[in-house]
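J.: Heads up: the sequence shown runs through residues 5 to 164, numbered per the numbering used here. Here it is, the structure in full.
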Amino acid sequence: MKRGEKGILILIGVLVLAGMLRSLLITSQPHDKEIPFYSTAGSAVAERAMSIYHQYGCRNCHTLWTLRDSLQSVPAPILDGIGSLHSEDWIYKYLSSSNPQAVVPSRLKLEYRMPSYADMPETDRRTMSQYLASLKVKDWYLEQLKKSEYEKLTGMDAPK
Ligand code: HEC
5 MKRGEKGILI LIGVLVLAGM LRSLLITSQP HDKEIPFYST AGSAVAERAM SIYHQYGCRN
65 CHTLWTLRDS LQSVPAPILD GIGSLHSEDW IYKYLSSSNP QAVVPSRLKL EYRMPSYADM
125 PETDRRTMSQ YLASLKVKDW YLEQLKKSEY EKLTGMDAPK
């Protein structure tokens, strides 16, 4: 092989490699396998809140930690990351409201709407609010979560 030909082959090799590297960098999403949701709550609060969650049937309508009732068909917002959208105080007032639809309007039939938990013992409402407020979403997924909440609440596509 002549020197010139060798040089050209090496050049082609380098270009092919650079192309592969480039498409690798573009197609691989750095967050693909990372779960965007986490909680900052201690285990005592988390355990108590999850038992209230089951006791009051929140999961009949909501999804949390990707757990949902398999028969569930209510398009309620997911609760993962809810603490990045609302404060503990807001959640407490919402759960305590005798008319939650005055706080968050509903597009759904009466039986699917968020029920009032004004009758839930106050300590349980506090624990629940504390726990829900501790459910955060990582920054890179926040916009996506806001879109999903918007779509669940309005039944419309989020504005681009
Ligand atoms: C009958 C179905 C149903 C049950 C049971 C239910 N929810 Fe909801 N929830 C909804 C719906 C639907 C919405 C959206 C507002 C609406 O349509 O009333 C909602 C909204 C919420 C929101 C506000 C979400 C947001 O993105 O603004 C929170 C927080 C919440 N629910 C927490 C709970 C908790 C905690 C429980 C259990 C103690 C519970 N829900 C039980 C249906 C339900």
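For glycine and all other residues, C-beta sits at the position ideal for the given N, C-alpha and C.
How many angstroms separate the CA atom of S101 from the CA atom of R129?
T.: Within the sequence shown, residue 101 is the residue found at index 97, counting from 1. Within the sequence shown, residue 129 is the residue found at index 125, counting from 1. Going from the Cα of S101 to the Cα of R129 covers about 11 angstroms.
J.: I think Y121 touches L99, with their Cβ atoms under 8 angstroms apart; what is that distance to the nearest whole Å?
T.: What you label residue 121 is simply residue 117 of the sequence shown in a count that begins at 1. What you label residue 99 is simply residue 95 of the sequence shown in a count that begins at 1. Right, the Cβ-Cβ distance comes to about 5 angstroms (below 8 angstroms), so this counts as a contact.
J.: Given P119, which residues of its chain have a CB within under 6 angstroms of its CB, disregarding the five upstream and five downstream residues?
T.: For the purposes of this step, residue 119 is taken as residue 115 along the sequence shown, with counting starting at 1. Once the five neighbours on either side are set aside, P119 has no close Cβ partner at all.
J.: Would you mind giving the Cβ-Cβ distance between I82 and H66, rounded to the nearest angstrom? I have them listed as a contact below 8 angstroms.
T.: Within the sequence shown, the letter at position 78 stands for residue 82. Within the sequence shown, the letter at position 62 stands for residue 66. About 7 angstroms separates the two Cβ atoms, so the contact holds.
J.: Under 8 angstroms, with one C-beta from each stretch per pair, do the stretch 135-145 and the stretch 46-55 reach the 3-pair mark?
T.: Counting Cβ pairs under 8 angstroms, three or more are found: they touch.
J.: Buried or exposed: D93, going by 16 or more other Cβ atoms within 10 Å of its Cβ?
T.: Reading the sequence shown from its first residue, position 89 is the one you call residue 93. With fewer than 16 other Cβ atoms within 10 Å, it is exposed.
J.: Identify, in the order they occur along the chain, each residue of the same chain with its Cβ nearer than 8 angstroms to the Cβ of K140, setting aside the five sequence neighbours on each side.
T.: Mapped onto the sequence shown, residue 140 falls at position 136. Cβ neighbours of K140 beyond the five flanking positions: F41, Y42, S43, T44, G85, G87, S88.
J.: Apply the 10 Å Cβ neighbour rule to A22 and answer buried if 16 or more other Cβ atoms are within range, or exposed otherwise.
T.: As a working mapping, residue 22 is identified with position 18 in the sequence shown. Result: exposed.
J.: Could you tell me whether the Cβ atoms of K156 and A106 are closer together than 8 angstroms?
T.: For the purposes of this step, residue 156 is identified with residue 152 of the sequence shown, where counting begins at 1. For the purposes of this step, residue 106 is identified with residue 102 of the sequence shown, where counting begins at 1. Not in contact: K156 and A106 (Cβ atoms no closer than 8 angstroms).
J.: If I measure Cβ to Cβ from Y116 and keep anything under 6 angstroms in the same chain, skipping five residues before and after, which residues do I get?
T.: For the purposes of this step, residue 116 is identified with residue 112 of the sequence shown, where counting begins at 1. Around Y116: V78.
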